[in-house]
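Working notes, structure below.
There are 2 protein chains.
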Amino acid sequence: MTTWSDKILQLLRRMNNFYLPDSSRTTCFRFELGGEQVGWVPSNVASILSKFPEIFSPPRCGAITLRESFDSYEKRSEAVDDVLQSIRREGCLTVLKGWRDEKYDVMPRFCDTPLMCMERSATSLFGVKRYGVHINGYCRDENGELRMWLGRRSKTKQTYPGKLDNLAAGGLAAGISVKDTLIKECEEEACIPADIAETAHPVSTVSYTYEDKEGVFPESQFVFDLELPREFKPRIGDGEVQDFYLYSMDEVKEVLVSDDFKPNCAMVVLDFLIRHSYIQPDTGVCLKESALWPQH
Amino acid sequence: MTTWSDKILQLLRRMNNFYLPDSSRTTCFRFELGGEQVGWVPSNVASILSKFPEIFSPPRCGAITLRESFDSYEKRSEAVDDVLQSIRREGCLTVLKGWRDEKYDVMPRFCDTPLMCMERSATSLFGVKRYGVHINGYCRDENGELRMWLGRRSKTKQTYPGKLDNLAAGGLAAGISVKDTLIKECEEEACIPADIAETAHPVSTVSYTYEDKEGVFPESQFVFDLELPREFKPRIGDGEVQDFYLYSMDEVKEVLVSDDFKPNCAMVVLDFLIRHSYIQPDTGVCLKESALWPQH
């Protein structure tokens, strides 16, 4: 019988599978800019990039980089964008069918100055780290028990349509701050006004690297907790969410291990369960805040 | 000028240095029991173990294990203990001079049944994972601002004498639960009665692997937050702590990057700063809870 913990472990292994023994990591090339790693290039992508030798250097010491003449943010961004548009027209990499016309910054670490920007849908071809903002929305009922707001993604979303999501979340686009992304996503997705969204507290980060046939996905989500007034109800804004639910923590635990949850949102919720003491080191999950140490 | 963040990064790299490119990891052997990895054996230790071929198999496929005849918790524990006592008598591995007569359980994951136990001071020779319990003690002043209790370790402690520590902390010895360890350490180190200690909330884990000349140290700390009544004062109990201080969060931030802090306790405090929103994704550290989004 697969326990709750077993299913959580399956979720975590799946979402960090780039670091499992049989991943593609040993066959990937490092993507480097300015001598520092900024991504991972799967071997099939490296083959395609070799058709653009005026832009990409051939692999050397396990790394692929841009030609030295591309020595600025703008030059690198434009050169790579031209290549990606060309590959997109050929149609050989299906992930580019999800072209978003959104740029993501590329840098070694979050605090570094971006070295270039790249079309969002192409970032997995270069294993470029993607940052996002996720907001845990919750309130306390009349007994003081927490209830968590979850959203169900629209059926028209490009990824994980119809799956459960955090109250609001979004990727960190080039040039936009974490704060502004938080305010924007809260307003657009759930009609949460800025004066309420600004009370969200930064509490955690959730990081992982997964791979699938579309490439390598190193991601790091900035997690915020937002306690909402009990009478507040999120409303559908831009239609990215089709519905909102207010779940008890028991219900949250159940859906967490169903296939109904967008996986990275599930991990953000798991982190919430840990930080809010719903998970006990000795015993696993205990959902009654009044019984921190269950008898067994 | 080295910023606060730079110093924090130095702390983190030092405490997770086993995963840096130039670590000893590629020259270590996996320590395996029952076909599963339970540790890392540095090459100098592997050489010493080769003098006990009736207990340890020679390295095969990069792994060292016990002879098959040692097929129970007791048999494995006794066999390895005999070897360690022998090595201790010879005096060639200095870490064993810190013999504690405390046993630590050895298993692949925390939830697995222990396969053997091992003398605490020897665990780094086998890179066996060590678990501990750390308690962040804090209270709110009359303005609602958090203040954190820190302890200064006794000059007679075997490791990091005289350094700053969390309110209470201790290693997880074989056969003792996380809860019992928490209650025990709170009582012994800080005279916190059980009825108060039991209100500590499990909130996080902090995991890392460092190495030094004494071996490999994979560690995972179960972290608890304990909000104390404002009038409560921890008192010296068993003498492992020589003094307690109540610091403002500004003061906590400063000492965190001094050499005055036991490093793993510093990381537990860093995790506290993140979870309690003292660290902003966009700007770094902001210590005023009322100004979540500082103007700059």
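Read top to bottom, the protein sequences are chains B and U. Everything in the first sequence is counted per the numbering used here, starting at 1304 for the first residue and increasing by one. Everything in the second sequence is counted per the numbering used here, starting at 1304 for the first residue and increasing by one. Heads up, the beta-carbon is just placed ideally off N, CA and C, and yes, glycines get one too. Predicted model only: the values in this text are computed from it and were never measured.
Chain A contact for B/Arg-1333 (CB, 9 Å cutoff): The structure shown contains no chain A; its protein chains are B and U.
Where U/Pro-1566 sits in the DSSP three-state scheme: helix
C-alpha gap between U/Ala-1349 and U/Asn-1446, whole angstroms: 57 Å
Proximal residues to U/Leu-1387 (C-beta, below 6 Å), its chain only, five neighbours per side dropped: Glu-1422 and Ala-1425
Sequence-distant residues of its chain with Cβ nearer than 8 Å to B/Cys-1442 (five each side left out): Leu-1449, Arg-1450, Trp-1452, Glu-1530, Leu-1531, Pro-1532, Arg-1533, Phe-1535 and Leu-1549
Candidates U/Asp-1384, U/Pro-1417, U/Asp-1515 and U/Leu-1352: closest to U/Trp-1402 by CA position: U/Asp-1384
Distance between B/Ile-1351 and B/Gly-1394 (C-alpha atoms, nearest Å): 12 Å
Residues that B/Arg-1578 contacts on chain U, provided the C-beta gap is smaller than 8 Å: Val-1506, Ser-1507 and Arg-1578
Candidates B/Pro-1362, B/Tyr-1511, B/Val-1506 and B/Val-1560: closest to U/Ile-1582 by CA position: B/Val-1506
Beta-carbon proximity list for B/Phe-1413, same chain, < 6 Å, skipping 5 on both sides: none
Contact set between U/Ile-1582 and chain B, taken where Cβ atoms lie within less than 8 Å: Pro-1505
Local conformation of B/Ala-1477 per DSSP, three classes: coil
At least 3 beta-carbon pairs within less than 8 Å: the segment 1500 to 1518 of chain U vs the segment 1306 to 1313 of chain U: no
Expected contact under 8 Å - CB spacing of U/Glu-1517 and U/Val-1398 to nearest Å: 4 Å
Nearest to U/Val-1341 (by Cα), restricted to the options U/Gln-1524, U/Leu-1475 and U/Thr-1416: U/Thr-1416
C-beta atoms of U/Leu-1485 and U/Phe-1547 nearer than 9 Å: no
Buried versus exposed, by CB contacts within 10 Å (16 or more), B/Glu-1273: Nothing can be reported for residue 1273 of chain B: it is not among the residues displayed for chain B, which extend from 1304 to 1599.
Nonlocal neighbours in the same chain, by C-beta distance under 8 Å from B/Glu-1557, ignoring five residues either side: none
7 Å Cβ cut-off: residues of chain U touching B/Phe-1525: Pro-1584
Same chain, Cβ closer than 6 Å to U/His-1599, neighbours up to 5 away in sequence not counted: Low local confidence applies: a pLDDT of 29 at U/His-1599 is under 50, so the model's placement there is unreliable, with the coordinate-based value given in what follows. Cβ neighbours of U/His-1599 beyond the five flanking positions: none.
Nearest-angstrom Cβ-Cβ length linking B/Gly-1435 and B/Gly-1474, presumed shorter than 8 Å: 5 Å
Beta carbon of U/Ser-1326 nearer than 9 Å to that of U/Ser-1346: no
Buried or exposed by the 16-neighbour rule on C-beta atoms within 10 Å, applied to B/Arg-1379: buried
Members of the segment 1558 to 1571 of chain B near chain U, C-beta cut-off 7 Å: none
Min CB distance B/Lys-1482 to chain U below 9 Å: yes
Supposed contact pair B/Gln-1524 and B/His-1437 - C-beta distance, whole angstroms, cut 8 Å: 5 Å
Rounded straight-line distance, which links the Cα of B/Arg-1333 to that of B/Thr-1368: 8 Å
Own chain partners of B/Asn-1319 with C-beta closer than 7 Å, once the 5 adjacent residues on each side are dropped: Tyr-1511, Thr-1512 and Tyr-1513
Of the listed residues U/His-1579, U/Phe-1520 and U/Val-1560, nearest to U/Gln-1313 (C-alpha basis): U/Val-1560
Cβ-Cβ distance between B/Ser-1404 and B/Met-1419 below 9 Å: What sits at residue 1404 of chain B in the sequence shown is Asp, not Ser. In this structure, B/Met-1419 does not lie closer than 9 Å to B/Asp-1404 by Cβ.
Rounded Cβ spacing between B/Val-1509 and B/Met-1570 (contact assumed at less than 8 Å): 5 Å
Whole-number beta carbon distance between U/Pro-1537 and U/Leu-1470, since they are thought to touch under 8 Å: 6 Å
Alpha helix (DSSP H) runs contained entirely in the segment 1488 to 1564 of chain U, provided each spans 4 or more residues: 1497 to 1500 and 1552 to 1559
B/Glu-1377 classed as buried or exposed, judged by whether at least 16 other C-beta atoms fall within 10 angstroms: exposed
B/Gln-1340 - partner residues in DSSP beta bridges: B/Glu-1335
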